[in-house]
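Sequential numbering from 8 applies to the sequence shown in this note's numbering. Encoded as C-alpha cells, the structure appears first; notes follow it.
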Amino acid sequence: MNVITIIPPLVQLNAPYPSGAYLTSFFKKEGHDAQWADLSIELFYEIFSRSGLEKLFSLSEKTALSMADKAEKNGDDNTAFNIRRYISQKENWIEWIDFITAVLSGGGAREKEHQFLYSPFAPRGQRMENFLEQLAQDGREPSVDDVRFLCSYALADLADYITAVFDKEFSLIRYAEALTVDERTFAEVEKGLDSPILEHFYKTVLERWGTTVIGGLDPAIFSKTLICISIPFAGTFIPALYTARFLKSQYGQKFFICIGGGFVNTELRELRDASLGKYIDAISYDRGYGSYKALFDNTVLESVETAAESMIANPLYKLRIFKNGKVIEPVWQDEKLEKYETEITAQIIPDYSDIDFSRYLRMCDDKNAMHRIWTDGSWIKAYLAHGCYWHRCAFCDTQLDYVCAYRPVEVRNLYEGLLKTAREKNVYGIHFVDEAMPPVALKKFALENARHGNPLYFWGNIRFEKAFTKDLAAFLSYCGLGGVSAGLEVAAESGLENINKGTDISSIVSACAALKEAGVLVHAYMIFGFWYDTTQTIIDSMETLRQFYSAGLLDSCFWHKFVLTKNSTVYTEWKEGKQKKLQPIELKSDKKGGLFARNNIHFKGENQYDKFQLPLENSLNCWMHGDGLEKKVQKWFDFPVPPPTVGRDFIEKKIEEYEEKNRKRGAGLNDKTAQNLWWLGGTPVLCGLSNSSASEYRWLYLMEEQSVPSKLIDIDILLALRPEVTEEVRVAALNTITASPSVISNLKKLLGRGLVLLDF
Ligand code: SF4
8 MNVITIIPPL VQLNAPYPSG AYLTSFFKKE GHDAQWADLS IELFYEIFSR SGLEKLFSLS
68 EKTALSMADK AEKNGDDNTA FNIRRYISQK ENWIEWIDFI TAVLSGGGAR EKEHQFLYSP
128 FAPRGQRMEN FLEQLAQDGR EPSVDDVRFL CSYALADLAD YITAVFDKEF SLIRYAEALT
188 VDERTFAEVE KGLDSPILEH FYKTVLERWG TTVIGGLDPA IFSKTLICIS IPFAGTFIPA
248 LYTARFLKSQ YGQKFFICIG GGFVNTELRE LRDASLGKYI DAISYDRGYG SYKALFDNTV
308 LESVETAAES MIANPLYKLR IFKNGKVIEP VWQDEKLEKY ETEITAQIIP DYSDIDFSRY
368 LRMCDDKNAM HRIWTDGSWI KAYLAHGCYW HRCAFCDTQL DYVCAYRPVE VRNLYEGLLK
428 TAREKNVYGI HFVDEAMPPV ALKKFALENA RHGNPLYFWG NIRFEKAFTK DLAAFLSYCG
488 LGGVSAGLEV AAESGLENIN KGTDISSIVS ACAALKEAGV LVHAYMIFGF WYDTTQTIID
548 SMETLRQFYS AGLLDSCFWH KFVLTKNSTV YTEWKEGKQK KLQPIELKSD KKGGLFARNN
608 IHFKGENQYD KFQLPLENSL NCWMHGDGLE KKVQKWFDFP VPPPTVGRDF IEKKIEEYEE
668 KNRKRGAGLN DKTAQNLWWL GGTPVLCGLS NSSASEYRWL YLMEEQSVPS KLIDIDILLA
728 LRPEVTEEVR VAALNTITAS PSVISNLKKL LGRGLVLLDF
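Dropping the structure here:
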C-alpha cells in the first residue's frame, strides 16, 4: 500500500526531524510504497521567499501601519519606527530574501555578501542592528565573514514582524505552541486552526504537495493510503491537525490518517475526545512499528471506509481508533509485537532518501560553540539505542516507552547505513538523538568510524558517569566525537540521590574534565524547583555550577524549572504512598471533554522558586562568557538568600581526585587489560640520531609534546594500536605485547601520553 509520513511545521530549520526517516525505513521494510515529506521546511520557503514576502507584505501592510500609528499615539516611538521601517523597506526585503536563505543554506553569491553588509539599501531590522552595534562595542568593524550572522538575524527580524503584525502564534521553529501546552480542552485547541499563517501560506504548501505527491499515487491502490502525521513537539500540533483536516476535506475517506510522535506519546496518551475523529482515524503510540504492524496485519485496511466497525471487535496494539463518533481503546501489551519492535529497532536504519539536505539552513545566531552545534549544521539524526539504559531518574518519564524500553541498535549495520547516507547527501555530521548514548555502543560506533578513515563527526546526549574516563574521552574524540550534552540537573550530592540520578559529583566532574581535555564540547542541563528543593539546595547547586565554570568544565548550560509529569517515577512513587514531600494537585476535570494535554501535573509549592529563575539565568549567561565568576552567588539576587554551604574549593578538590586517579592508571595495565590499549598519539619521531644512546622519540598528544628514550618503544607496535588499523594487524601487535612483561612495563610509561587504556 501507499504510506506517506508527514512532518508538519514548524521544527528546527537546520535538519529534518528523524521520525519520518525511521518510519519510512520501517514501512519500506514491510514491503510498502513509502515516502516522507518535511512540510516544515516547505512552509519556511513558502513564507521566506520573494513571492512569500510579497504576499506577506500585501496581506499585512494595512495592519502594520495602523499598529505603528497606535504605538506612536501611546508614546512608543521605537515600535512605530520599527514597524514602519519594515513597510518602507519591503522592496529591499523582497529583493534580498532569496540571497539570505541561500547564504544560510550554504549557497549564495559571495560577492553579494559585501553588498549586503555595506549597502545602505540592504534591509535592516532591530536584531541585525543590535548585532552590528555589538561588533562596534567590541571595537571590531563588521567583515564579510559576519554575513552568516547578519542573515540569521535578518530571518529573526522578519519572524518578529510576522509575530507582531500578522500571526501572533508564529515563531521560526514552532507554531502555536502555547495553545497546546496550556490547560485547554480539545475544543479550545481546535480554535487555533484558522490562523493566518496556516490559511494563507500552509494551505498553499498542502495544495501544491497534494497535486504533486498525492496526484502521483497509483490510482489502482489509492484507496489504500496510510498517512502518518508525526507530531514531535507541541509547536507542531495545530499544523498537524490542519494537515489532517485539509487531507480529509480534499480526499475524504481515501486515506487512513494516523498521528503519532513525541508530543502524542507524552501528552496525548489519554486523549479520547471523539471529535478528533473529524480529523484523524487513529493515534499511534510509541515507536509505531508495533501498532502499524498490527494495522497492516488486520483486514481493516482492505476497506478503509468500514475500518472502525471491524475493529470494534478487535482493538489493535497501541492504536486508538476514532471513527463514527466512537473511540476504540488500544491493546497496550502484546508479547509478539513487542518482540517484533525490538527486532526492528535493532536493525533499522533511518531512510533520508526523500530529503534534500541542501534546503536546510545553518543558522548562525550564537557565538557559543556548543549552542552553535545545535543550529549550525544539517545533521543526519539517528540513535544508537531506543530508550535510556539507566531509565531510573525520579523526575523523568520513566514509565514511557521512549525512556523505559531500552533497546540497543546493531551498531555496525547502523554505521554502514549512516555513512552511505552521508555520502549520498554530502552531510558528514551525525546528531545522535538518544536519551543517553550508551558508552559501549558509542565506542563501537567510534571505532567503526576510525576504521573507515574518520569520515563522520558526531555528537549527542550522554549521562555524566564514570564510564567516561579520560582515556575513553580521548578515544572518542580521536574517532570523531565532537560534543555531548547531559543532565547534571542538580549539582549537589544529596540532590543527585533525591532524584536517583545514578551518578555522583565525582563522576560528573571526572566525565566533564575528561571530555574537555579531549576537546569535546560539553553542555549541561540544570533543573531547579524540585519538589524537595529549598532555597539552600538551589544556592548550593548554583555555587557548584559556578565552580564547574570556573574550572572550565562546561561550554554551555541551561537552567530549567522542574515540571512534574504523570509518567515520572516520582509521581508513580507518590501514588504508592512514598515521596511524602510531594503534594500533587489533581488535574481539573470539570472542563467539557476533559483536558487536552495531560502529562504535566501541578504540585503544591511549584511556583515558590520562580523568582530564582532570572538570577540563575543571568549569572549563567555571564559565567558562559567568563564574567562574574568571582562574584559570590548570593550577590546575584535582589532578595536575601543564604550563603552556600559548599566549600569554595569543592570542585577543585574533585579535579585533584580525578588527576590522582589518572596518575595511577598504569597499575591497571596487565596482560589481560592490554587488549584495551589504543595508541592515539602522533607518529613518534626519532630525535638525537647523532648520539644513539641518548636518542629519543617525540610526538604530539593532545597538542603537547611527549618524549621517551628510543629504546623503550617499538614504533610498529604502537602504530598497530591506532584505532584505524585493521583488527588483524592489531591482534598481532597485542599478541606481542601480552607475551612480554617487559613490553607491558615499558608501555605503562606511555599511558596518558598517547597510549590509552579503556575499560571495555
Ligand atoms: S533523565 Fe536522562 S538519564 Fe535519567 S532516566 Fe531520563 S533519559 Fe535516562
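Even glycine gets a Cβ: it sits at the ideal position worked out from N, Cα and C. None of these values were measured; they are calculated from a predicted model.
In the three-state reduction of the DSSP assignment, W100 falls in the helix class, which pools H, G and I. Cβ neighbours of D84 within its own chain (closer than 8 Å, five residues either side excluded): A78. DSSP places L762 within a strand segment (E or B) once states are collapsed to three. L50 and V212 have their C-alpha atoms spaced approximately 6 Å apart.
For the pair of segments examined, the region 527 to 534 was found to touch the region 489 to 509: the number of CB pairs separated by less than 8 Å reaches three. Counted as a single uninterrupted DSSP element, the stretch harbouring R327 is not any alpha helix (DSSP H) but the beta strand (DSSP E) occupying residues 326 to 330. As DSSP reads the structure, A75 sits in no beta bridge. Within the region 239 to 264, the runs of alpha helix (DSSP H) at least 4 residues long that lie entirely inside it are, in chain order, 244 to 258. Ranked by how close their Cα comes to the Cα of V172, the residues P127, A87, V653, D293 have A87 in first place. Take the alpha-carbon of N81 and the one of W100: they are about 28 Å apart.
In chain order, the residues that have a beta carbon nearer than 6 Å to some heavy atom of the ligand SF4 are C395, W397, H398, R399, C400, C403, T405, V410, E442, A443, R470, G494. Put simply, of T733, K661, A740 the residue whose alpha carbon is nearest the alpha carbon of C519 is K661. Beyond the five residues adjoining it in sequence on each side, V653 comes within less than 6 Å, by CB distance, of D547, E550, T551 in the same chain, given in chain order.
A contact is defined here as three or more CB-CB pairs under 8 Å, and the region 637 to 645 fails this definition with respect to the region 602 to 615. Burial state of I351 is buried, judged by a 10 Å Cβ sphere holding 16 or more other Cβ atoms.
Collapsing the DSSP output to three states places K450 in a helix.
Taking C-beta atoms as the reference points, R57 and V110 fail to come closer than 9 Å. In this structure, the alpha-carbon of Y168 lies about 13 Å from that of L66. Counted as a single uninterrupted DSSP element, the stretch harbouring S702 is not any alpha helix (DSSP H), since DSSP gives it neither H nor E. Taking a C-beta distance under 9 Å as the contact criterion, V10 and A41 qualify as a contact pair. When the five nearest sequence neighbours on each side are left out, the beta carbons in the same chain lying within less than 7 Å of the beta carbon of L623 are those of F535, M549, W566, in order along the chain. Membership of I290 in the beta strand (DSSP E) is indicated by the continuous run 289 to 291. Straight through space, the alpha carbons of F619 and F644 are spaced by roughly 8 Å. In the DSSP assignment, C486 is bridged to no other residue. In this structure, E423 places its C-beta atom within 9 Å of the C-beta atom of I356. Between Y708 and V715, the gap from beta carbon to beta carbon reaches 9 Å or more.
In this structure, H459 lies away from K388, with their beta-carbon atoms at least 9 Å apart. With a minimum length of 4 residues, the unbroken runs of alpha helix (DSSP H) contained wholly in the region 344 to 402 fall at 376 to 382.
Residue pairing by DSSP places A41 opposite V10 in a beta bridge. When rounded, the separation of the alpha-carbon atoms in E667 and F475 is 16 Å. The DSSP assignment places complete beta strand (DSSP E) segments of no fewer than 3 residues inside the region 510 to 535 at 528 to 535, in order along the chain. Looking at the backbone, the Cα of F569 and that of D617 are separated by about 10 Å. Comparing C-alpha distances from R276 to each of Y556, E214, P691, W339 shows the shortest one belongs to W339. Of T349, C400, L407, the smallest CA-CA separation from A392 is found for T349. DSSP, read as helix, strand or coil, puts L684 in strand. Taking R191 as reference, the option from L425, A241, W103, P649 with the minimal CA-CA separation is A241.
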